[in-house]
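Notes follow the structure.
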Amino acid sequence: MDENGNGLSGVYLVAVHPETSEVLTATASDDDGKYVLGSVPLRFILNVTRLGYASQNIPVAGETDLDAIKTIRMQVDAAQIDEVIVTADAPRIRREVGKFVMRNISASPFSKGSNALNFLRFMPMVDVRPEGGISILGKNDARIHIDGRSVGSNQMAEQMLKGISASEIASIEIIPMSGSADAAENRGGIINIVLKRPDEGMRLIATVEDRQGYYNSPQGVLFMNYAGKRLDLTAGVTVSYNQLRQDSEHEYDYLQTGLFTHSEFHEKTKSLYGGGYVNLDYRIADRHRLGAQINLSSTNYRNRSSSVNSYGRVGSSRIDSIYRADVRMKSPEANLNWGANLNYVFNIDDKGSRLGVDFDFIDNENKRDIYSLYHRDSDASSVTTDDFLQRPRTYTQVYGGRAEYLHCFNADNKLRIGISAYRGKADNDFFYGIYSGESYVSDPRRTNGFVYKDYNFAGHASFLRVWSEKFETEIGVRVEKYYARGMQQTTSETINRDEFDVFPSLSLLYMPSDDHELSLDFSSSISRPYYGLLNPFITYTSPSTYVQNNPYLRSSKGYELMFAYMLLDDYMLTVDYLYDDNLWTEFTLPAGDMTRTYTDNYGNSHVLDVSLFVSKSLFRDYWNLSAEVMMGYERTYGEVIGQRIDIKDFSYGITLKSNFALSKKYNWHLDMKYKYSSESHKAAYEIGSTHEMEIYLMKQFRRASLSAGVYNILMPAVTVGNTLADYRFSITNKRYVTGVVTFSYTFGNQRARRVEKRQNESIEKRMQW
1 MDENGNGLSG VYLVAVHPET SEVLTATASD DDGKYVLGSV PLRFILNVTR LGYASQNIPV
61 AGETDLDAIK TIRMQVDAAQ IDEVIVTADA PRIRREVGKF VMRNISASPF SKGSNALNFL
121 RFMPMVDVRP EGGISILGKN DARIHIDGRS VGSNQMAEQM LKGISASEIA SIEIIPMSGS
181 ADAAENRGGI INIVLKRPDE GMRLIATVED RQGYYNSPQG VLFMNYAGKR LDLTAGVTVS
241 YNQLRQDSEH EYDYLQTGLF THSEFHEKTK SLYGGGYVNL DYRIADRHRL GAQINLSSTN
301 YRNRSSSVNS YGRVGSSRID SIYRADVRMK SPEANLNWGA NLNYVFNIDD KGSRLGVDFD
361 FIDNENKRDI YSLYHRDSDA SSVTTDDFLQ RPRTYTQVYG GRAEYLHCFN ADNKLRIGIS
421 AYRGKADNDF FYGIYSGESY VSDPRRTNGF VYKDYNFAGH ASFLRVWSEK FETEIGVRVE
481 KYYARGMQQT TSETINRDEF DVFPSLSLLY MPSDDHELSL DFSSSISRPY YGLLNPFITY
541 TSPSTYVQNN PYLRSSKGYE LMFAYMLLDD YMLTVDYLYD DNLWTEFTLP AGDMTRTYTD
601 NYGNSHVLDV SLFVSKSLFR DYWNLSAEVM MGYERTYGEV IGQRIDIKDF SYGITLKSNF
661 ALSKKYNWHL DMKYKYSSES HKAAYEIGST HEMEIYLMKQ FRRASLSAGV YNILMPAVTV
721 GNTLADYRFS ITNKRYVTGV VTFSYTFGNQ RARRVEKRQN ESIEKRMQW
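Take a look at the structure:
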């Protein structure tokens, strides 16, 4: 504790052997100033340090001394406060049971002038896409946690990371395979940002960002944090106006009939987004904590699409007919989404045992008006063929709760058990109206309603055991009972789902020496279709294309085994095997003389991925370089709507990430990222090889940072397509070079305590659209 008797966080305590100075164990005090020291002999020296306070070396020689170190008072060291210069080795990724961990973030050259999101962009194993999305080892988007807790949607998470300086991160945990305590629907893994233990006070970070592609898109983020003796407050506000230009060419060949369609699309999307959140954490007593969170966002959406659709015969240059389409999509009013969480934590003992209880609620709405006007061009005239309105409305409510108990027998043996439950309801109302007179009249064959309700009950247990300094294990199991029922309004047709699944997990870690780390992880998961995919309505996008969802989608279960070997901190090898059954994805398939985008199950797959990572510091640490080489083999088999799927695909890629210190004295850095991916064949499409490059120039000031960068500078277009027995298609999407400038300024205390956002990850996963 400090001189006033208040708990002091961030105090480092290291127990060393009194004769050999060997480190026996180490720990740090938590937010309340409490600490747990691992198993040590009765004779040792306890080294106690904290920035701004005088260090202490306390000899311990028996039970009396052990009682004495239960309360340690720290004295302020004025000399340390005036000026502190810290030097440290550059951080490296180390292996821990079930995860990869990077510590000492502030010593990395990539942290200079960076926020947390930019730092992740240049981490090995992690891929941050400029347009949004973060993944691990090429998987689906990972869940983002802060201090071990979910922060809601990834869009909200990325905004929060823009407001956190990389130098304030204590460690980053990369969890490629989630354990039994995590939702079974998480297949992308978890990235956990662990923040440094802060001092009391208030901190405010203002960040402005401007992206210039074909159109300009500004954004502002305001992040505030207050830490008091009992009350902690975290709040944020985000406002953005995104404008996007999309140009594409579509070729569809219907080989059975000998007809083809060529379409050119030009789209402009405008999206005005405003969101905010307030997170409160109140310490009722030394062992009791109560928390509450609320978040609110609003989105106003506009999209204007024009297309020219030419029809003819395959192999002929003659055009039989031309249709033009003008499609306007807008939000009739701003779509409001909000969520709330109430949580309670009881710290049971000084060993770290605790009980946590959470309650969650989410309310979302998604309203769109889609006006479509089709014309047929003939010679010098144009005739209107279709004028109709599609008006989908979706209202979703989800509530749930969970309880978890962690029992620490000692520092080497920990048991975690928990239960959770949630209920969700998605109410879909779809209006299809044909223009008649001065209004749109409902077409009873296409206007419909669909209500979907689901329930999920889960329980989990895991046990962590440290056998020795060289060997650790964790074994776990999760069980889930899932039930859902959907009903169409017009036909009274019902869809029922009733699933019970068991998800085992296992992690082994062996460290024969400081230079060698070997691990083996096994995990199982499930991919359930989210609400937006189960709505059966048809949405027309052009005279020749439409989108249809599928309420009969089945869940896909997967089993994953990963081996990892780390050598000398600079080299890492991962071998990952994944088996999935009942896979589902979005297909582009013929439907009569039209093309349908349709989501369906198609079969099973075996995937083997091998990755090699190398990180080096060159020229007296002025140049830091990391290289990732990836190779993958995929065997997929099955069928979709009578089309046989039989794929044997080999792919490879390389990613280079570079940081060059232009001036260490004035904190100028140049960051570059290059990524190459070979051509690959998936169940629904083939994609050619791609090249991507990002370049950022960064400058760090005492309280501010400035970054200017550019991306999408190598490939002007990306083409995907597929060829089946009676059909083939090709879609080419144009990409525009985009520049981005980001400026952040910190007001007040630069180290304030943060409140982690708590929310049921299962709930958030189901809310995708």
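Residue numbering for the sequence shown follows the UniProt record's numbering, beginning at 1 and increasing consecutively.
Every residue gets a Cβ at the ideal spot worked out from N, C-alpha and C, and that includes glycine.
Note that the structure is predicted; figures quoted are calculated from it, not measured.
Check: S310 C-beta below 7 Å from any heavy atom of the ligand SAH: In the structure on display, the ligand SAH does not appear, and there are no ligands present to speak of.
Could you spell out the range, first to last residue, of the alpha helix (DSSP H) harbouring Y531? Here the alpha helix (DSSP H) through Y531 covers 531 to 534.
Counterpart residues of Q75 in DSSP-defined beta bridges: Per DSSP, none; premise fails for Q75.
Cutoff 6 Å; reference S626; Cβ partners in own chain excluding five residues on either side: Once the five neighbours on either side are set aside, the close Cβ partners of S626 are P124, S615, K657.
Does the Cβ-Cβ distance between L117 and E158 come in under 8 Å? Cβ distance < 8 Å, so L117 and E158 count as in contact.
In whole angstroms, give me the CA-to-CA distance for T71 and I348. Using only the alpha carbons, I get a separation of about 19 Å.
Which runs of the beta strand (DSSP E), 3 residues or longer, sit entirely within the segment 693 to 723? Entirely contained in the segment 693 to 723, the beta strand (DSSP E) runs reaching 3 residues are, in chain order, 704 to 711, 717 to 723.
So what's A88 in DSSP terms, helix, strand or just coil? Note that A88 scores 44 on pLDDT, short of 50, meaning its location in the model is unreliable; the coordinates nonetheless yield the value given after this. Three-state result, A88: coil.
What are the residues that DSSP puts in a beta bridge with M630? Answer by DSSP bridge pairing, in chain order: S611, G653.
Does DSSP classify G5 as helix, strand or coil? For G5, the three-state secondary structure derived from DSSP is coil.
Run through the DSSP bridge pairs and tell me what M156 is partnered with. In the DSSP output, where bridge partners are listed per residue, M156 has none listed.
Taking DSSP as the reference, what is the three-state secondary structure of residue 771? A query on residue 771 cannot be resolved here, the shown segment of the chain reaching from 1 to 769 and no further.
Who are the Cβ neighbours of Y579 in its own chain at under 6 Å, not counting the five residues just before and after it? Taken in chain order, the residues that qualify are Y559, H606.
Is I763 buried or exposed, if buried means 16 or more other CB atoms sit within 10 Å of its CB? Only weak support exists for where I763 lies, its pLDDT of 49 falling under 50; the value from the coordinates is given anyway. Under the 10 Å beta carbon count, I763 is surrounded by 16 or more other beta carbons and is classified as buried.
Which runs of the beta strand (DSSP E), 3 residues or longer, sit entirely within the segment 464 to 531? As far as the segment 464 to 531 is concerned, its whole beta strand (DSSP E) runs of at least 3 residues are 471 to 488, 494 to 513, 516 to 527.
For R354 and G688, I'd like the C-alpha separation in whole angstroms. Answer to the nearest angstrom: the Cα atoms are 52 Å apart.
From L120 to F537, what does the alpha carbon distance come to, in whole angstroms? Using only the alpha carbons, I get a separation of about 39 Å.
Using a Cβ distance threshold of 8 Å, determine whether the segment 216 to 235 contacts the segment 255 to 269, with at least three qualifying pairs required. Result no; under three Cβ-Cβ pairs closer than 8 Å.
Between G179 and G339, what straight-line distance do the alpha-carbon atoms span, to the nearest angstrom? Using only the alpha carbons, I get a separation of about 26 Å.
Reduced DSSP secondary structure (H/G/I, E/B, other) of D32: Looking at D32 - three-state DSSP - the assignment turns out to be coil, as it is neither helix nor strand.
Is it true that the segment 643 to 663 meets the segment 537 to 546, where meeting means three or more beta-carbon pairs spaced less than 8 Å apart? The segment 643 to 663, when compared against the segment 537 to 546, does not touch it at the 8 Å Cβ threshold.
Candidates R497, G98, D443: closest to F522 by CA position: The alpha carbon of F522 has as its nearest neighbour, out of R497, G98, D443, the alpha carbon of G98.
Classify R350: buried if its beta carbon has 16 or more other beta carbons within 10 angstroms, exposed otherwise. Reading off the sequence, residue 350 comes out as Asp, not Arg. So D350 ends up on the exposed side.
Rounded straight-line distance, which links the Cα of L561 to that of Y577: Distance between the alpha carbons of Y577 and L561 is about 5 Å.
Check the C-beta distance from S106 over to S167 and give it rounded, since I have them as a contact under 8 Å. Yes, they are in contact, since the Cβ atoms of S106 and S167 sit about 4 Å apart, within 8 Å.
Alpha carbon to alpha carbon, how far is D501 from residue 842? Give it in angstroms, no decimals. As displayed, the chain neither begins before 1 nor continues past 769, which places residue 842 out of reach and without an answer.
Are G356 and A403 closer than 8 Å when you measure CB to CB? For G356 and A403, yes; Cβs fall inside 8 Å.
Who does P590 pair with in a DSSP beta bridge? Answer by DSSP bridge pairing, in chain order: T595.
Length of the line joining the Cα atoms of P504 and L464: In this model, P504 and L464 are separated by some 14 Å (Cα to Cα).
Residues in its own chain within less than 7 Å of R735 by CB, not counting five upstream and five downstream? Same-chain partners within the cutoff: N712, M715, P716, A717, V718.
So N335 is in the alpha helix (DSSP H); what residue range does that whole segment cover? Segment 335 to 347 is the beta strand (DSSP E) holding N335; no alpha helix (DSSP H) there.
Within the segment 553 to 580, note down every full beta strand (DSSP E) run reaching 3 residues or more, in order along the chain. Taken in chain order, the complete beta strand (DSSP E) segments of 3 or more residues contained in the segment 553 to 580 are 556 to 567.
Limits of the beta strand (DSSP E) - the one that T269 falls within: Per DSSP, T269 belongs to the beta strand (DSSP E) from 259 to 285.
Mind checking who R94 pairs with in its DSSP beta bridge? In the DSSP output, where bridge partners are listed per residue, R94 has V101.
Supposed contact pair K673 and F122 - C-beta distance, whole angstroms, cut 8 Å: About 7 Å; that satisfies the 8 Å criterion.
With three or more C-beta pairs closer than 8 Å as the rule, is the segment 421 to 433 touching the segment 391 to 399? Three or more pairs of CB atoms, one per stretch, sit closer than 8 Å, so the segment 391 to 399 contacts the segment 421 to 433.
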